Amino acid sequence: MAPPPLTGPAEAADLAKRDALRAAKASWHANERATLSAKHFVGDGDVGVRTTLRSSDLAPGANAIHVRNATDCEYVLESDVRVAKVFVEACARCVVTVRCAVVTEHLEAWGCDALTLRCEAPIATVQLDGMKDATVTYAKRTFFGAVVHATCDGFLNLSLARGEGEGEGEGEGEGEPPVVVDLVAAEVRSIHWSPYDRVGEVDADP
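Under the UniProt record's numbering, the sequence shown has 139 at position 139, and the numbering climbs by one with no breaks.
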């Protein structure tokens, strides 16, 4: 029997392209599995519970905390926890207190109703998407960097302590009412604080 005919350059290029697409898809799925396995999930149907997470509670190898699908709950991420990032998804009337070390100082929340985020550790960026009636509070002004949001309804209140809390000017503004800004009502997409701003106000980006 004669051997099958050799494919031409066009057929060979098409086969190579298909092989590359299959390899890319397999790599994407592998990365997705690795990302999910690196997260420690809490919530998932919790109603009316208060949970304190410590480092000993995290799954082995977890480098992120993902709070999701909880209602009327409170989660406290204690100071002995160290993660790369914090995520909050699809929660209703929940309070998440961040005392832990977040290496990237980045927190993302989306699809939540009446969520309160209490930043008691440095969180340079809070990213909010598809929220309704959210509140973000910072225990110290030096913990705050920026809040950015998109497609949020109702109110989005940022409460920022006036006190420096550390370093030069420590105690300045302590005891005074915090700066409170509703980002939705003010029609600003992001808000940030400059370390050179000695007045203690925030700058809004339209």
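The beta-carbon is built from N, C-alpha and C at its ideal position, and this holds for glycine as well.
Model, not experiment: these values are computed from the prediction.
query, result
"Beta carbon of Ala90 nearer than 9 angstroms to that of Thr116", "no"
"Three-state class that DSSP yields for Glu89 in the structure shown", "strand"
"Burial state of Arg141, where buried means 16 or more other Cβ atoms lie within 10 Å", "buried"
"Identity of the residue in Val102, Asp80 and Thr137 nearest His66 by Cα", "Val102"
"CB of Arg50 within 9 angstroms of CB of Val81, strictly", "no"
"Span separating the alpha-carbon of Ala62 from that of Glu105", "16 angstroms"
"Alpha-carbon spacing of Val98 relative to Ala13, whole angstroms", "52 angstroms"
"Same chain, Cβ closer than 7 angstroms to Phe41, neighbours up to 5 away in sequence not counted", "His66 and Arg68"
"Selection from Pro60, Asp44 and Ala84 that minimises the alpha carbon distance to Tyr75", "Asp44"
"Secondary structure of Ala150, DSSP reduced to three states", "strand"
"N-terminal and C-terminal residue of the beta strand (DSSP E) that Cys119 is part of", "Thr116 to Cys119"
"Unbroken beta strand (DSSP E) run spanning Glu108, endpoints", "His106 to Trp110"
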